[in-house]
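J.: One structure, pasted below without further comment.
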């Protein structure tokens, strides 16, 4: 195909513009409302710093330039009892960023009652590229109205509070992070690191994200659709006395493929089956059989989202009597079939990367970076 001189000039100019724009570090503004959750701030920022360090080892320029912003700037109180310094005032006229990350904490939930804070946050969102919330930072983001009629998630302990405050938002309870256009939300606290690693993978490629994950000594990614906590942890949250049957629960989790009966559980605890079932229900607020069922469903969810094993092999590995039994238990506890769960969540990471509305990083040669 032949191009005219004018067309060639426009193509070259556009390529030069893209290179000049993307070769500069992305401006990242972390927003904190005191008191803020410390790990919501330091977790994502340390992940970005690890990515910059990995680039430096390759002789490349940093990809991210980070700033901390807060209303009025200055010292920001955190839930850890330590204050950190915000060098940027949230009320600064014309404040904008390539990436905005909103930390959670009591301050983020309280700011929704301060119209001036909400307006400043709304203006920053409108002027910026990608905007993400960590944990209960979703309250601050939602208060601007930009999440209305979109999907979002937040810390599990604040689901009901969030739904009551923002009924126009479709709350996803079973996700670590979500993307809806340029607006992203992540779940409780450490999920902010998972989100940021996914962000780095999109911008700089999988290998560089892996280097950042290794530096932080964390997994590269938990799938975006993975639950915020395991069935074992959920049982502890629900239980009146989780320590009493903690060892038994862990034994069950390690032997899911076996045919575990209530009698076997009772024998492990040196109790009669009837006495065991009664005391287990008192302590755990669920029957032994239901608890085992939930552990098996949780294990199957992980395999469905992280492996290519067939449903039959997963059912056998997790101790279900058949794929039909697994399907029935999924409908009871997850409210979707295993096939629907896999279709929805195995691709969560890919969909997340596809939905981030910015081009990938380019290197000095103008090619997509692949360190």
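Numbering (this note's numbering), first residue to last: 877 to 1247.
Yeah, the Cβ is synthetic: ideal placement off N, Cα and C, and Gly gets one too.
1. For the putative contact between residue 988 and residue 1023, defined by C-beta atoms under 8 Å, what is the C-beta separation to the nearest angstrom?
2. With a cut-off of 8 Å on the beta carbons, I'd call residue 964 and residue 905 a contact; round off their distance for me.
3. Residues in its own chain within less than 6 Å of residue 1061 by CB, not counting five upstream and five downstream?
4. I'd like to confirm the pairing. Which residues does DSSP put opposite residue 906 in its beta bridges?
5. State the CB to CB distance for the pair residue 1018 and residue 1042, rounded to an integer number of angstroms; the pair is presumed to be in contact (CB under 8 Å).
6. Rounded to whole angstroms, what is the Cα-Cα separation between residue 1202 and residue 1127?
7. Going by CA-CA distance only, name the one from 996, 1085 and 1157 that's closest to residue 922.
8. Give me the Cα-Cα distance between residue 1165 and residue 1210, rounded to the nearest whole angstrom.
9. Helix, strand or coil: which one does DSSP assign to residue 1132?
10. At what residues does the alpha helix (DSSP H) containing residue 1181 begin and finish?
11. Determine the contact status of residue 1088 and residue 1069, defining contact as a CB-CB distance below 7 Å.
12. Output the boundary residues of the beta strand (DSSP E) element that contains residue 1006.
13. Measuring only the C-alpha atoms, how far is residue 1199 from residue 966?
14. Determine the closest residue to residue 1048 out of 1057, 1058 and 1031, with distance taken between C-alpha atoms.
15. For the beta strand (DSSP E) containing residue 1061, name the first residue and the last one.
16. In whole angstroms, what is the alpha-carbon distance linking residue 991 and residue 1150?
17. Select from 1052, 951, 958 and 1058 the residue whose C-alpha is nearest the C-alpha of residue 1003.
18. What does the alpha-carbon distance come out to for the pair residue 1142 and residue 1174?
19. Out of 1016, 962 and 1135, which one is the CA nearest neighbour of residue 1169?
20. Between the C-alpha atoms of residue 953 and residue 960, what's the straight-line distance to the nearest angstrom?
21. Relative to the C-alpha of residue 911, which candidate in 1195, 938, 920 and 978 has its C-alpha closest?
22. DSSP has residue 1195 in a bridge; who is on the other side?
23. Can you name the residues that DSSP bridges to residue 1054?
24. Inspect the beta-carbon positions of residue 931 and residue 939 and report whether they are closer than 7 Å.
25. Can you name, in chain order, every residue of its own chain whose Cβ lies under 6 Å from the Cβ of residue 1105, other than the five neighbours on each side?
26. Looking at the structure shown, is residue 1203 part of a helix, part of a strand, or coil, going by DSSP?
27. State the DSSP-derived secondary structure class of residue 922, mapped to helix, strand or coil.
28. For residue 907, does the count of other Cβ atoms within 10 angstroms reach 16, so buried, or fall short, so exposed?
29. Between the Cα of residue 1159 and those of 1193, 1192, 1122 and 1144, spot the shortest distance and give me the residue it belongs to.
30. Thinking C-beta only, is residue 1034 closer than 7 Å to residue 1020?
31. Given this structure, state the Cα-to-Cα distance separating residue 1188 from residue 996, to the nearest angstrom.
32. Going by DSSP in three states, residue 1049 sits in which element: helix, strand or coil?
33. Whose C-alpha, out of 1178, 1094 and 1163, is nearest the C-alpha of residue 1067?
34. In the DSSP assignment, find the beta strand (DSSP E) that holds residue 952 and state where it starts and stops.
35. Would you call residue 970 buried or exposed, if buried means 16 or more other Cβ atoms sit within 10 Å of its Cβ?
36. Out of 1162, 1038 and 943, point me to the one whose CA is closest to residue 917's CA.
T.: On the basis of the coordinates in this document:
1. About 12 Å; that fails the 8 Å criterion.
2. 7 Å
3. 1009, 1014, 1028, 1029 and 1054
4. 944 and 977
5. 5 Å
6. 21 Å
7. 1085
8. Cα-Cα distance, rounded: 17 Å.
9. coil
10. It spans 1164-1182 - the alpha helix (DSSP H) in which residue 1181 sits, taken as one unbroken run.
11. It is not a contact, given that the beta carbons lie outside the stated cut-off.
12. 1006-1009
13. 54 Å
14. 1031
15. 1059-1062
16. 58 Å
17. 1058
18. 23 Å
19. 1135
20. 7 Å
21. Residue 978 is the option with its Cα nearest to residue 911.
22. Partner(s): none; residue 1195 has no beta bridge.
23. 1061
24. In this structure, residue 939 lies closer than 7 Å to residue 931 by Cβ.
25. Caution is warranted here: a pLDDT of 49 is assigned to residue 1105, below 50, making its placement in the model unreliable, and the coordinate value is therefore given only provisionally. If we look at residue 1105 and ignore the five residues flanking it on each side, it has no Cβ neighbours.
26. The answer is helix: DSSP assigns residue 1203 an H, G or I state.
27. Collapsing the DSSP output to three states places residue 922 in a helix.
28. Buried, because 16 or more other Cβ atoms sit within 10 Å of the Cβ of residue 907.
29. 1122
30. no
31. 53 Å
32. DSSP, reduced to helix, strand and coil, places residue 1049 outside both helices and strands of the structure shown, so it counts as coil.
33. Scanning 1178, 1094 and 1163 for the CA closest to the CA of residue 1067 turns up 1094.
34. 950-952
35. exposed
36. 943
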